[in-house]
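Which chain is which? The protein sequence lines are C and B, in order.
Each residue of the first sequence is one higher than the last, beginning at 1 in my numbering.
Each residue of the second sequence is one higher than the last, beginning at 1001 in my numbering.
To start, the structure itself, in structure tokens.
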Amino acid sequence: MSRLISYSGDLDLTDYGLVDYGLEELMIRFVLGRFVYMILTMAAVSVVAFVLIQLPPGDFADSYANKRQQAGAPITTEELDNMRHQLGLDRPWHIQYGTWVSNMVLEGDMGYSWEWRRPVTDVIGDRLPLTLALAFSTLILMYVIAIPIGIYSAVRQYSLPDHIFSTAGYVGLATPNFLLALILMYLGQRWFGQSVGGLFSPEYQDAPWSWGRVGNLIEHLWVPVIVLGTAGTAYLIRTVRASTLDELDKMYVMAARAGGISPMRLLLKYPVRMALNPIVATLGWRLTYVISGAPIVGVVMSLPDTGPLFLHSLLNQDMYLAGGMVLIYCAFTIIGTFISDLLLILIDPRIRMEGAS
Amino acid sequence: MTSPALILPKRKKSNRRPEMATQWQLMWWKYKKHHMALVGMIMLSLLVFSAVFAEILSPNIPTERNNKYLASGPMGIHFFDSEWNFHLRPFVYARTTKRDPVTLRKLSVVDETKHWPIEFFVAGSPYKFWGLVETDVHFIGAKGGFIHLFGTDSLGRDVFSRTLYATRISLSVGLVGVTFAFILGAIIGGIAGYFGGIVDNLIMRLIEFIRSIPTLPLWLALSAALPREWSSLQVYLAITMILAMIGWTHLARTVRSKLLALREEDFTVAARLSGCTDMRIILRHLLPAFMSYMIVDVTIAFPEILLAETSLSFLGLGLREPAESWGVLLFAAQNVRSISHMPWLLIPGLFIIIAVLAFNFVGDGMRDAADPYSK
Chain C
1 MSRLISYSGD LDLTDYGLVD YGLEELMIRF VLGRFVYMIL TMAAVSVVAF
51 VLIQLPPGDF ADSYANKRQQ AGAPITTEEL DNMRHQLGLD RPWHIQYGTW
101 VSNMVLEGDM GYSWEWRRPV TDVIGDRLPL TLALAFSTLI LMYVIAIPIG
151 IYSAVRQYSL PDHIFSTAGY VGLATPNFLL ALILMYLGQR WFGQSVGGLF
201 SPEYQDAPWS WGRVGNLIEH LWVPVIVLGT AGTAYLIRTV RASTLDELDK
251 MYVMAARAGG ISPMRLLLKY PVRMALNPIV ATLGWRLTYV ISGAPIVGVV
301 MSLPDTGPLF LHSLLNQDMY LAGGMVLIYC AFTIIGTFIS DLLLILIDPR
351 IRMEGAS
Chain B
1001 MTSPALILPK RKKSNRRPEM ATQWQLMWWK YKKHHMALVG MIMLSLLVFS
1051 AVFAEILSPN IPTERNNKYL ASGPMGIHFF DSEWNFHLRP FVYARTTKRD
1101 PVTLRKLSVV DETKHWPIEF FVAGSPYKFW GLVETDVHFI GAKGGFIHLF
1151 GTDSLGRDVF SRTLYATRIS LSVGLVGVTF AFILGAIIGG IAGYFGGIVD
1201 NLIMRLIEFI RSIPTLPLWL ALSAALPREW SSLQVYLAIT MILAMIGWTH
1251 LARTVRSKLL ALREEDFTVA ARLSGCTDMR IILRHLLPAF MSYMIVDVTI
1301 AFPEILLAET SLSFLGLGLR EPAESWGVLL FAAQNVRSIS HMPWLLIPGL
1351 FIIIAVLAFN FVGDGMRDAA DPYSK
């Protein structure tokens, strides 16, 4: 019985020993708490990122010396020491870390990319918009495709389309992103005679932004979007299907049906609304997932986004660039989780009450 | 509509006695109901079989180069020849080499007049089975010529043989990685669940933190930190450790939550009251109760580790030649040029999909079977 009571919305919560804070006050408290937590996590992440980029034996000076050696113009020890001193590599690590973080927080300066001979913020700034465009178009497409299919599969359980979607979903989940990229690139080459790598046709490669360039970008974007989104879409379809199926059996659905609501209205108003809670709430985690998968797709399809940049900075020990990239990837994850928590509290009153008590 | 209570399901006659069955028996009965899980199990057994007997099953040694058949496609096995005559013993068409008149590259040409009959358990290149027994028996071979079921790469190495050897390495990376993750997860999760309180809180925060770091960039950064001059065995161990470092968090959570729940159960209290030692309670009463959940988690973790290793090796940051895994093989198929010339280099990718599918099916079946008392 208690279950029924806690579900009905218009009860005076004070009667039950629960203090009704009101949505606004609650949201402010929650957002503030989460914000502090976010900053703490970011601080911890910055340490991890710094340790990670310090881990490889040797430093940028070594890898530079190596390159010069191979080019036939070896560098002298004196020059090497000079270079270390200039780059600040001879200072103890905690001072290097301190400078890095304080510059970042105070001046928004993430250091200097030695490989590119430009500030890290500029190098990343050039490519980040494309990564974001890719991630968000993938995210939107994933939800737009997965939710209707998931609901359909649940309502028509064990029908032929349901089986087809389930099978496709299993295969989609099992195919690694880079393999899918390779297959699509091969098929594109084979059937369309078109190179599907990259994000622009040659004539738009270095052109300034224009409507034509945007159109060209969209034409090229679909392949990486498919590659990035397939596994996530498959996963979402499965989740939507399972949670809708759970809700369809509940008593309140039967009660509503007995009350004579039209089937479509019933479906959308009750079970689907409930079933979508966890789906919408995990939006942030999906964002994280897409961002985390993006580098490998970028590398395979040689997209001018942050993926190849990150990989090369790791291989060349371009310390501040690599560190900055790790930090940015982590920041997206943390922001994604934050959004998820926020959405969860906004759409599910039960969680709101838990937070208040 | 008749009321559901009136439609009794037709009982199959069986000598099953659920009330007498052990927990594992109940689980097996439940597992068997999942057709896909059974299919997955068969697929897995086949993969494991080919990994164990890779040397015998493969017609060539993976490092062997066939100069007469460079970068050429799969050779089909035929029962009917070009005139539709049936041959009981399957054969492959003979190949001859020619030079391309323009580029002067060596080309292999199908010679439909000559057949190379397929034989089983033939003598071929010598090898050491499991590094112990010296022998030269290969399961399959073509009399009078060579056989390349999946074609050859640009060096003339047999893709089929290399894929079989790679199956062994890839599966073992998953196995070793999962074992590490299992041990780490059981110990850390056990500590959190057993001590509770502040220790538990700290460990849970740590797990949350690790999970908030995006996996692929972290893996990339960690593997880039491995020294280049390491031997392939060292790299192999390091990579599995790196993969396990992320995988343990899930297991630790399961162990912790199950421990916390089971600590308060009546049967635990009863065992304690009747004077069982802590060790006995943990081993005899708690462990069997959540073992099945851990097995499920391990099955789910396995494909994740498999995919991660493949992705790392594919980017050139994981295993490297001469070690061979599916990812290492796909490394050769990295650009559009090579895959449009030699699409068969993508075949190892098919094995990845099959392996991950099989694990997912088995995992699904096990998840349901893990709790045999639920409906």
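We put the beta carbon where it would ideally sit given N, CA and C, even for glycine.
Remember, predicted model here, so these are calculated numbers, not experimental data.
Alpha carbon of residue i to alpha carbon of residue j, nearest angstrom
i	j	result
B/Ala1289	B/Asp1368	15 Å
C/Ser302	C/Phe192	19 Å
C/Leu13	C/Ile345	At C/Leu13 the pLDDT is 45, less than 50, meaning the model places this residue with poor confidence and gives no usable figure here.
B/Thr1249	B/Val1199	15 Å
C/Gly88	B/Leu1218	25 Å
B/Ile1210	B/Pro1303	20 Å
C/Val300	C/Tyr204	21 Å
C/Phe310	B/Phe1121	50 Å
C/Leu52	C/Met319	9 Å
C/Thr230	C/Arg238	12 Å
C/Met110	B/Arg1099	57 Å
C/Leu80	C/Gly72	16 Å
C/Pro295	C/Pro308	7 Å
B/Gly1145	B/Ala1094	7 Å
B/Leu1088	B/Thr1179	47 Å
B/Val1052	B/Asn1085	37 Å
C/His163	B/Lys1114	46 Å
B/Trp1230	B/Leu1286	42 Å
C/Met83	C/Leu314	20 Å
B/Arg1337	B/Pro1348	18 Å
B/His1138	B/Ala1054	10 Å
B/Ile1061	B/Pro1101	32 Å
C/Ala331	C/Thr233	23 Å
B/His1078	B/Ala1142	12 Å
B/Phe1150	B/Leu1164	11 Å
C/Ile218	C/Ile291	19 Å
C/Tyr7	C/Asn316	At C/Tyr7 the pLDDT is 41, less than 50, meaning the model places this residue with poor confidence and gives no usable figure here.
C/Gly98	C/Glu107	13 Å
B/Arg1017	B/Met1027	13 Å
Any non-hydrogen atom of the ligand GDP closer than 7 Å to residue i Cβ
i	result
B/Leu1070	With respect to small molecules bound, the structure shown includes none, and the ligand GDP cannot be examined in it.
Bridge partner(s) assigned by DSSP for residue i
i	result
B/Val1122	B/His1138
B/Asp1158	B/Thr1152
B/Ala1332	DSSP lists no partner for B/Ala1332.
B/Thr1096	B/Val1109
B/Lys1441	There is no way to answer for residue 1441 of chain B, as the model of chain B reaches only from 1001 to 1375.
B/Trp1116	B/Val1092
C/Phe35	Paired residue(s): none; C/Phe35 is not in a bridge.
C/Ser113	C/Arg118
B/His1078	B/Phe1091
B/Phe1086	B/Phe1080
Nearest candidate by alpha-carbon position, reference residue i, set the options
i	options	result
B/Ala1123	B/Met1041, B/Glu1229, B/Leu1044 and B/Ile1056	B/Ile1056
C/Ala61	C/Phe50, C/Glu219, C/Leu106 and C/Glu78	C/Glu78
C/Val47	C/Ser166, C/Gly324, C/Glu115 and C/Phe30	C/Gly324
C/Ile124	C/Ser113, C/Leu134 and C/Ala133	C/Ser113
B/Trp1326	B/Asn1360, B/Ser1161, B/Met1027 and B/Trp1084	B/Ser1161
B/Arg1284	B/Val1296, B/Ala1271, B/Tyr1293 and B/Met1294	B/Ala1271
C/Val45	B/Glu1208, B/Lys1068 and B/Leu1226	B/Glu1208
C/Leu321	C/Arg29, C/Arg127, C/Val36 and C/Thr41	C/Arg127
B/Asp1364	B/Gln1023, B/Met1041 and B/Glu1019	B/Met1041
B/Met1204	B/Asp1158, B/Phe1361 and B/Ala1252	B/Ala1252
B/Asn1201	B/Ser1212, B/Ile1188 and B/Ile1213	B/Ile1188
B/Ile1242	B/Leu1220, B/Arg1263 and B/Val1362	B/Leu1220
C/Gln157	C/Val120, C/Thr131 and C/Val240	C/Val240
B/Thr1254	B/Leu1312, B/Val1048 and B/Ala1181	B/Ala1181
Cβ neighbours of residue i in the same chain (closer than 8 Å, five flanking residues each side left out)
i	result
B/Leu1377	Not covered by the structure: residue 1377 of chain B. The range shown for chain B is 1001 to 1375.
C/Val253	Glu247, Leu266, Tyr270 and Pro271
C/Ile328	Ile124, Leu128 and Thr306
C/His312	Glu115 and Asp318
Contacts around residue i, its chain only, beta-carbon distance under 7 Å, and the 5 residues preceding and following it disregarded
i	result
B/Val1110	Tyr1093 and Arg1095
C/Ala207	Arg213
Same chain, Cβ closer than 6 Å to residue i, neighbours up to 5 away in sequence not counted
i	result
C/Ala49	Gly323, Val326 and Leu327
Does the contact criterion of 3 or more C-beta pairs under 8 Å hold for the stretch 1294 to 1303 of chain B versus the stretch 1248 to 1266 of chain B? yes
Across the stretch 1345 to 1361 of chain B and the stretch 1164 to 1171 of chain B, are there enough close Cβ pairs to call them in contact, namely three or more that are closer than 8 Å? yes
contact_flag[the stretch 283 to 290 of chain C, the stretch 133 to 147 of chain C] where n(CB pairs < 8 Å) is 3 or more: yes
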